[in-house]
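What follows is a single structure, written as structure tokens, with notes after it.
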Amino acid sequence: MNKNTNEFTPLDDNPFFQRLKKKFKSLYKKANDECYTICVPDVSCLIGAKINRSLIELHILRESPYFSGEFITLAKDTKSVLLKPSVIELKRGFDKRRKINILSREQFYNNKYEPFEILILDSQLGVENPKVALSKRKKEKLQMITNLRDEALNRLPPNITKPEAINNYFRGFQHSKGMWVKIVEKVKKFERSYMLAKGYEEEARERVEALSEYSIKRVILQNEIFKSFPEESYIGKSLREMVKIYISVQLDYWGKIIGFYTEEDRLCTQQFQKLSTMPIEESGIEKKFITDFSKAISCFKKMHKAKSPQEKLNLLDETLTLINNLVGEKVGNSDSIATDDLIPIMSFVVIRAGLKNPITTIQYLTNFSLCDYQTSKMGFEITLLDSIVNSLIANGQLYKIWKDENDSKSEKKKKKKKKNNENESSKKDQISNSTIQPLQNFDLYIPSLKIKKSKNVIIMDEEDDPKKTEFLDKIISSGSKSGNLSDLFN
């Protein structure tokens, strides 16, 4: 499509084009089948116009069999025009020869996949718009746009994450109702025809992304009122988010993928619960940053109930903002906290909030948030949460190693308790004087023990290393009765 810098109303909102398609279907079909050129006057020059068959026939052009570049109208009193790249010159049959600007050239295809053009013009063919009248129409149009912009802004729902409110907004706004109904049907058709399977989340993401981009283009970017709001403005962002949120909730991919990772979520949640009793002083948070993080924890707890990826992302972003503000109040500095200092704090918040379905949440945000991971703030926050969850899984695995080994030997220790009292006492004294390091920033401290991740599972290489064996023996023998990970390092 080629167009000049003049503004024009999209075809979907043009009464001339809509009347041609709906009221005069036979003319539209004939133009399609014969690949005629259809001229559509812009809305600005249709005020007061009577859109009847004669006017429409005047604006459908077929190529002249005699002269190159000349076209003949379908009107009964045959008229001819000269079609150029950016203008139409009125020729034979018109009262006055003049030039009409082409605002846009749209290419369409008929059922045989043959191309035909639709031209949007700044004037009707054969009707010269007086300058005074044109100025008046412009003023009327500007006033109409101003009124519609105010309506669009005032009707914006206070909570843009609710699908019912989103649907009511676009359906209730006359300027978007028709296109929104089509998008809703397209989303329903997509949901019925596409089945999500485990392992194909990335492919599903690409399909949803394409559907969202298409919907935003049709509902927002081709709407004269909505597109007038800057993309970075509050309403500009809100309109785009509303379209994405509606599609995400209607497709219900959260409900679909939650069954994919049931076992992983269960094991991960159990590990988080074991870490939840660790005092904040032993969480790796720098002492000067320790404060009451209950507000951040309460905010993060809401993530489980959020259904759309945008809702979950907003809560994640709000949680990180709260952490930054709380630390800022504690240290008297409003600057953003460094990532190295943020990680242990956010880890503590994740544990205390009891994040449900952690693996599913990461998969959902990664595949269906539709944000730019490389450059966007939201992309960084998803990556941060992913790293934290995997780090906590690793520490939960350390607890499991210690607990399983400790339980298996507990019975043997009971039988030999009387004989080994002195040896056990001596061994504990020796361990208390050793240099086992506490958890720092939730990183595993296991000398010469390689840890690697494979699909959220921690694999420990079985190397015959005396240092590793000695270290694990210390963990097992120093295990607490309470079974808390923090007691290993008291």
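Just so you know, we're using the working numbering here: the sequence shown kicks off at 1001 and counts up by one. Every residue, glycine too, gets a C-beta built ideally from N, C-alpha and C. Just so you know, these numbers come straight off a predicted model, no measurement behind them.
Query, Result
"9 Å Cβ cutoff met for L1251 and V1219", "no"
"One or two residues paired with V1081 in a DSSP bridge", "F1071 and L1090"
"Bridge-paired residues (DSSP) for F1108", "F1116"
"C-beta contact flag for C1268 and I1359 at 9 Å", "yes"
"Start and end residues, beta strand (DSSP E) containing C1039", "T1037 to P1041"
"Contact under 9 Å by Cβ, L1011 with E1057", "no"
"Runs of alpha helix (DSSP H) wholly within the stretch 1246 to 1279 (minimum 4 residues, chain order)", "1253 to 1257 and 1262 to 1275"
"Best match in D1095, D1150, T1009 and K1188 for proximity to F1173 [C-alpha to C-alpha]", "D1150"
"CB-CB length for L1239 against F1226, believed under 8 Å", "6 Å"
"Limits of the alpha helix (DSSP H) - the one that R1192 falls within", "K1177 to S1193"
"Identity of the residues DSSP links to E1063 by a beta bridge", "F1071"
"At least 3 beta-carbon pairs within less than 8 Å: the stretch 1080 to 1091 vs the stretch 1007 to 1023", "no"
"Cβ neighbour criterion (16 or more within 10 Å) applied to F1017", "buried"
"Of the residues D1077, L1119 and A1049, the one placed nearest T1037, counting alpha carbons only", "L1119"
"Spatial distance of F1535 from V1327 (CA atoms)", "The chain is shown only over 1001 to 1490; residue 1535 falls outside these bounds and no answer can be derived."
"Residue environment, T1161, which counts as buried when at least 16 other CB atoms sit within 10 Å", "buried"
"CB of L1103 within 9 Å of CB of D1042, strictly", "yes"
"Integer-rounded CB distance, given that S1391 should sit under 8 Å from S1347", "7 Å"
"P1163: first and last residue of the uninterrupted alpha helix (DSSP H) it sits in", "P1163 to G1172"
"First through last residue of the alpha helix (DSSP H) which encompasses R1205", "E1201 to I1216"
"Inter-residue Cα distance where the pair is E1231 and G1178", "22 Å"
"Beta bridge counterpart(s) of K1099 as assigned by DSSP", "E1089"
"Check whether A1353 and M1303 have beta carbons under 9 Å apart", "yes"
"For L1121: DSSP bridge partner residues", "P1041 and I1102"
"Cβ neighbours of K1256 in the same chain (closer than 7 Å, five flanking residues each side left out)", "L1196"
"Backbone secondary structure at E1034 - three-state DSSP", "helix"
"Coarse secondary structure for D1487, derived from DSSP in three states", "With a pLDDT of only 40 at D1487, under 50, the local geometry of the prediction cannot be trusted, and no value is derived from it."
"Secondary structure of R1155, DSSP reduced to three states", "coil"
"Neighbour-count burial assignment, K1112, 16 or more Cβ in a 10 Å radius", "exposed"
"Simplified DSSP assignment, three categories, for L1196", "coil"
"R1019 (DSSP reduced to helix, strand or coil)", "helix"
"Residue nearest to L1156 in terms of C-alpha spacing, selected from P1163, Y1169 and M1144", "Y1169"
"Simplified DSSP assignment, three categories, for D1335", "coil"
"Exposure of I1047, with buried meaning 16 or more beta-carbon neighbours within 10 Å", "exposed"
"T1360, enclosing alpha helix (DSSP H) - first and last residue", "P1358 to F1368"
"I1499 to N1314 span [Cα, whole Å]", "Only positions 1001 to 1490 of the chain appear in the structure, and residue 1499 is not among them; the question remains open."
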